[in-house]
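>
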Amino acid sequence: MQTSFCLFCALFFIFGDIHGDELPKGVPLSRSSFYKVGQSFTCLDGSSAIPWWQVNDDYCDCRDGSDEPGTSACLNGRFFCRDMQYRPVYLPSAYVNDSICGGTSTVSNINEHNRFSELFPAIAHYVN
């Protein structure tokens, strides 16, 4: 029994993270080289280095907010929205999880696109 459990743990450790190379929420592909799963993360402004598990943990560790790309923890944070009417944009982190940007390109986001269209005039200056 103990051998089976140890084997299970070893296999889970090796193969358990099937999606390990996915980017954290809020990170654009252009910055993927800075966000390596399982490796320590260095703030983009160089102010600090933190363990990987502290990225997107809802606590602002970096002065520039780069450790929280998918949360609203940092006042100066920016959230990369991958699917905003086919226009990728950076939004203030205050817009995270408010149904404006879903971060995926699925049919279920049509309502979010419509919501963004309604709000677009108010945040048009964030569009790249």
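As numbered in mature numbering (1 follows the signal peptide of the UniProt record, and there is no 0), residues -20 to -1, 1 to 108 make up the sequence shown, in order.
Every residue gets a Cβ at the ideal spot worked out from N, C-alpha and C, and that includes glycine.
Where does Y39 fall in DSSP's three states?
If DSSP states are grouped into helix, strand and coil, Y39 belongs with coil.
> Is it true that the CB of C40 sits closer than 8 Å to the CB of A29?
No, the pair does not count as a contact, with Cβ atoms beyond the cut-off.
> Have a look at D78 and N36 and give me their C-alpha separation to the nearest angstrom.
Near 17 Å, if we compare the C-alpha coordinates of N36 and D78.
> Can you tell me which of the three DSSP states Y9 falls into?
A small correction: the amino acid at residue 9 is Leu; Tyr does not occupy that position in the sequence shown. In the structure shown, L9 sits in a helix (DSSP, three-state: H, G or I).
> How big is the Cα-Cα spacing for L55 and C23?
Looking at the two C-alpha atoms, the distance is approximately 15 Å.
> The beta strand (DSSP E) with P72 in it runs from where to where?
Note, P72: beta strand (DSSP E), 69 to 72.
> Between G45 and the rest of its own chain, which residues show a CB-CB distance below 6 Å, the 5 nearest in sequence each way excluded?
For G45, where only same-chain residues beyond five positions count, the Cβ hits under 6 Å are C54, N56, G57.
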